[in-house]
Each structure stands twice: as structure tokens, then as C-alpha cells.
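The numbering used here runs 15 ahead of the 1-based position in the sequence shown. All remarks here apply to the structure that follows.
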Amino acid sequence: MGDNNPVKQGVETFDKKCLKKTSTAEKNTLPTKEGTVSALLL
């Protein structure tokens, strides 16, 4: 790969100001204690 790689040039000249602001929300995918106990009893 030489210095004229279009991907590298695109990354170097990318303007972050054109990005939109987004909000992220974490999801808790771990089972609860009650759910684990009930699954073991079945």
C-alpha cells in the first residue's frame, strides 16, 4: 500500500463536524437473580 491509498486519504481528510450527535443507551442483558433461580428450579 502506497501513500496514494484512497482510504487512508479519506480518513486523514475526514471532517468530524459533519457528524450528527447521537445518544446511546446501555442495555443490561444479564439475567436477574430471580430469573436465574427460577430457571434452575424448572
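The beta carbon of each residue, even a glycine, is placed where N, CA and C say it ideally should be. All figures in this text were calculated on a predicted structure; none of them were measured in a lab.
{"Asked": "Cα-Cα separation, Thr-47 to Ala-40", "Found": "19 angstroms"}
{"Asked": "Three-state secondary structure (DSSP) of Glu-49", "Found": "helix"}
{"Asked": "Three-state secondary structure (DSSP) of Leu-57", "Found": "coil"}
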